[in-house]
Each structure stands twice: as C-alpha cells, then as structure tokens.
Amino acid sequence: MRVHAQRVGALLGGLSFPALSMADWTVNMTPGVTGTSNDIFDLHMTIFWICVVIGVVVFGIMFWSIFAHRKSQGAKPANFHENTLVEVLWTLIPLVILIVMAIPATTTLIDMYDTTESDVDIKVTGYQWKWQYEYINEDFGYFSNLTTPKDQINNRQTKGENYLLEVDNPMIIPVGKKVRFLLTANDVIHSWWVPDFGVKKDAIPGFINEAWTRVDKPGTYRGQCTELCGKDHGFMPVVVKAVPEDEYNTWVADQKAAAEKERELTQKDWTMEELMERGEKAYATACAACHQADGSGAPPAFPALKGSAIATGDMAAHIDVVVNGVSGTAMQAFGGQLNEADLAAIITYERNAWGNKMGDMVTPKEIFDYKNQQ
Numbered sequence: 001m002r003v004h005a006q007r008v009g010a011l012l013g014g015l016s017f018p019a020l021s022m023a024d025w026t027v028n029m030t031p032g033v034t035g036t037s038n039d040i041f042d043l044h045m046t047i048f049w050i051c052v053v054i055g056v057v058v059f060g061i062m063f064w065s066i067f068a069h070r071k072s073q074g075a076k077p078a079n080f081h082e083n084t085l086v087e088v089l090w091t092l093i094p095l096v097i098l099i100v101m102a103i104p105a106t107t108t109l110i111d112m113y114d115t116t117e118s119d120v121d122i123k124v125t126g127y128q129w130k131w132q133y134e135y136i137n138e139d140f141g142y143f144s145n146l147t148t149p150k151d152q153i154n155n156r157q158t159k160g161e162n163y164l165l166e167v168d169n170p171m172i173i174p175v176g177k178k179v180r181f182l183l184t185a186n187d188v189i190h191s192w193w194v195p196d197f198g199v200k201k202d203a204i205p206g207f208i209n210e211a212w213t214r215v216d217k218p219g220t221y222r223g224q225c226t227e228l229c230g231k232d233h234g235f236m237p238v239v240v241k242a243v244p245e246d247e248y249n250t251w252v253a254d255q256k257a258a259a260e261k262e263r264e265l266t267q268k269d270w271t272m273e274e275l276m277e278r279g280e281k282a283y284a285t286a287c288a289a290c291h292q293a294d295g296s297g298a299p300p301a302f303p304a305l306k307g308s309a310i311a312t313g314d315m316a317a318h319i320d321v322v323v324n325g326v327s328g329t330a331m332q333a334f335g336g337q338l339n340e341a342d343l344a345a346i347i348t349y350e351r352n353a354w355g356n357k358m359g360d361m362v363t364p365k366e367i368f369d370y371k372n373q374q
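Here the sequence shown is numbered in UniProt numbering, starting from 1 and rising by one per residue.
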C-alpha cells in the first residue's frame, strides 16, 4: 500500500507541476554544428512558417465566413457548384505552394547525398550492441562500447552527466574536413545517428549505405542507435570527437603504431597471469553484456559460462565457438571482431574464472594458426 501511495503521489505531483516534471521538454529542432544540419533546420523553419501562413489564412477565412455570413443575419449560401475559376484556383494555389517548398528541399537532399570528394573514409559497422569504426585509408580500426557503469544502469548509483551516452573509444574526425561514412551491420539492422551532424542512416547487413559530414567546430558530439536491434538497443551510443587537423594526424599515427604493436603480440610469449588480466578486461567489454560479469548468463538465450560444458570442456571446441559463433543462436562469431590476443585471453579467462579452474591456456599464436587452418 505504501509503494502504491508513493506512485500515486508522484503521478499527482507530475500533473500538478508540469513545468517541473517536464523541465527538459522542447518543441523544436536544434540547428546543429554542420552545414547540412543547419540547412535541415532552415528548411524545417521555412516549411513551418509556410504552414503557419496557410493555417492563418484558411482558418481566418473560415472563421470570418462563419461570423459574417451567419444565418441569424439573414445570409444566404452562395452556390459554387462546378465553378471553373474556383476549381482552377484551389488546384493551382496548392501546386505553387508545393513547388516553392520542393525547391529548397530538393537542394538540401542533393547536398546530403553527395558523398564525393571526401577527405576521410570511415566504415561504420553495427554489432549487438556496439559500433566498429574502420579507417579505410589508414589500415586500423577499433570498437566503441558503452562505458556507463552497471551500478548507474541498475539505479545503485547516481546517474552521470552523459548517462548511456559515453563510450570507451569515440570516433575521432578532423575539423573542417569532409568525412564519408560507409555504414553496414554484422547481425541485425542498426541505425547510426548524431543529431548535431544532421546524419541518421540505417546500417543493414549485406548493404553499404553512405553519409557524410563536415564539422567546423571542435567538440564532442553524441548520438544513439535509433533502430530497435535487441535487448540492449538502448545501450549502444554514438560518440564523435572532432579535433583540429594536427591533433587528428598525431592520433592517426598513434593508432597505426598501436595496431602494428597489437599484430606483433601474436609472437609474444604469454604467461597465464597476463592472459587472465587481459582476458578479464576483454570479456567485460565484449562478452559480459550477454553472459554477465560473473559468468551466470541469461538463459535460455545467453547460457551461463560458469561450470558450462564449453568453458570446462574440449579446448578446440571452445575456440571454435568463440571464433566462429554458433549458427542459429545469439552467439556471434568473434573471429572477425577481436584480434588474436584478445580472443586467446578471453578463452583462457573463461576456462579459469568463476571457479572453472581448468588450469589450461591458449596463446594468440594458437588462435592465429587456427584461423589460418580454416
């Protein structure tokens, strides 16, 4: 009864003080930070005011007619049946209005779809539930995952300023350069959306969609996946950081060096402790959303790994499941998503965490050889 009373009180409070309960409510678009987003805003406002004028004229004439030609004043209705002039006017006037609206709309759409002469090309791939960014001309890429703490999501901690809109690896782009996005998906349909850019494009498995932007103001811009893509649809934000060109070039050089260093890890001699440490971090990023941080899973869609036949069984079978996935289930193929070091570390971690204690380990070299044998 007490909980029920609290809910009723909260509802009545919201109805009594709507200004407080809807403090962030707005009724219009925002201009954004790119030429495209401002063109969209201007187009929206142009059509809005055209609609306002039409509404004022139509309703003005209607209300004036009702008042000035009311029956109580002896007014007699006029007969416009089959009046050629009236028919022509109410056909031509809407046509002219549509043409006036279509000209700026067509210009804006043509500009939005012109992805030619780009300075930077980035392939964006949607996964359940994260984004992969591949810098096509620079030969490196990475995944972008939500970093909002679970305690905030589960209401055990105060929500942060960028709740559900913060990631470990944002997309980095240079200011003042035309950036082309090639969008696709690995599993289901996703949608990549950054409101400040005026960019919203579906990422569809087996298809490549294109979009572009040019950001003139440095800053961090946030968006979300806007296509219902599964249970964690609300947990795959988009974060883009626009930086000066010099800073961008330095970042690219660092990323290429880091990617080369990651490739060299295949030849490194790993210890169990190193694999377990890396595996715990990689598991938290790539696997915990489905199988839970404690390995308990979320049956039946996401089976437990703690004490499971896979994590405590044949090593080759375990490698196959992680690298190639399981057809017809929610288990994705991570062979193309993670590098050999992360794959080896995750498998080793799963076989020795949560009381599994198999005592064995797989090395990045073994994963590399396994992939090449397929």
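Every residue, glycine too, gets a C-beta built ideally from N, C-alpha and C. Because the structure is a prediction, the values reported are computed rather than measured.
Are the CB atoms of residue i and residue j nearer to each other than 8 Å?
i: Y283; j: Y349; result: yes
i: D216; j: G32; result: no
i: P174; j: E273; result: no
i: S191; j: P170; result: no
i: D232; j: W129; result: yes
i: T115; j: W193; result: no
i: M112; j: T26; result: no
i: V124; j: Y135; result: no
i: R278; j: H318; result: no
i: T34; j: G198; result: yes
i: V239; j: R222; result: yes
Please name the residue, chosen from the options, that lies closest to residue i on a Cα-to-Cα basis.
i: L338; options: V27, I310, T266; result: T266
i: T329; options: G295, D187, E264; result: D187
i: P237; options: R214, S37, Q332, L164; result: L164
i: Q255; options: V57, L98, E138, D39; result: E138
i: G230; options: A258, G279, F302, A309; result: F302
i: G126; options: T226, R70, G60; result: T226
i: V323; options: N372, R70, E210, W90; result: N372
Please state whether DSSP places residue i in a helix, a strand or coil.
i: L11; result: Unreliable positioning characterises L11 in this predicted model, as indicated by a pLDDT of 44, which lies under 50. A coordinate reading is not provided.
i: N249; result: helix
i: Q157; result: coil
i: Q132; result: strand
i: Y127; result: strand
i: V120; result: strand
i: L92; result: helix
i: R70; result: coil
i: R222; result: strand
i: T104; result: Looking at the sequence shown, residue 104 is not Thr but Pro. Helix, per DSSP.
i: K357; result: coil
i: W270; result: coil
i: N83; result: coil
i: G32; result: coil
i: D261; result: For the sequence presented, residue 261 should be read as Lys rather than Asp. Of the three classes helix, strand and coil, the one that applies to K261 here is helix, per DSSP.
i: N38; result: helix
i: N209; result: strand
i: L43; result: helix
Could you pull out every residue in the same chain whose Cβ sits closer than 6 Å to the Cβ of residue i, ignoring the five residues on either side in sequence?
i: A293; result: none
i: L275; result: A345, T348, M361
i: F41; result: M29, P31
i: T363; result: W270, A344
i: H44; result: M29
Report all residues from its chain with a CB closer than 7 Å to the CB of residue i; omit the five preceding and five following residues, and keep chain order.
i: E262; result: N339, A341
i: M22; result: With a pLDDT of 49 at M22, under the threshold of 50, the modelled position of this residue cannot be trusted; read the value that follows with caution. So no residue of the chain qualifies.
Would you say residue i lies against chain C (beta-carbon separation less than 8 Å)?
i: A293; result: In the structure shown, chain C does not exist; there is a single protein chain.
Can you list, in chain order, the residues of its chain whose CB lies under 8 Å from that of residue i, leaving out five sequence neighbours each side?
i: M101; result: T46, I47, I50
Which runs of the beta strand (DSSP E) at least 3 residues long sit entirely within the stretch 169-207? Give them in chain order. 171-174, 179-185, 190-194, 199-203
Mind listing, in chain order, the continuous alpha helix (DSSP H) runs of no fewer than 4 residues lying wholly within the UniProt domain "Cytochrome c" (274-354)? 288-291, 315-324, 340-352
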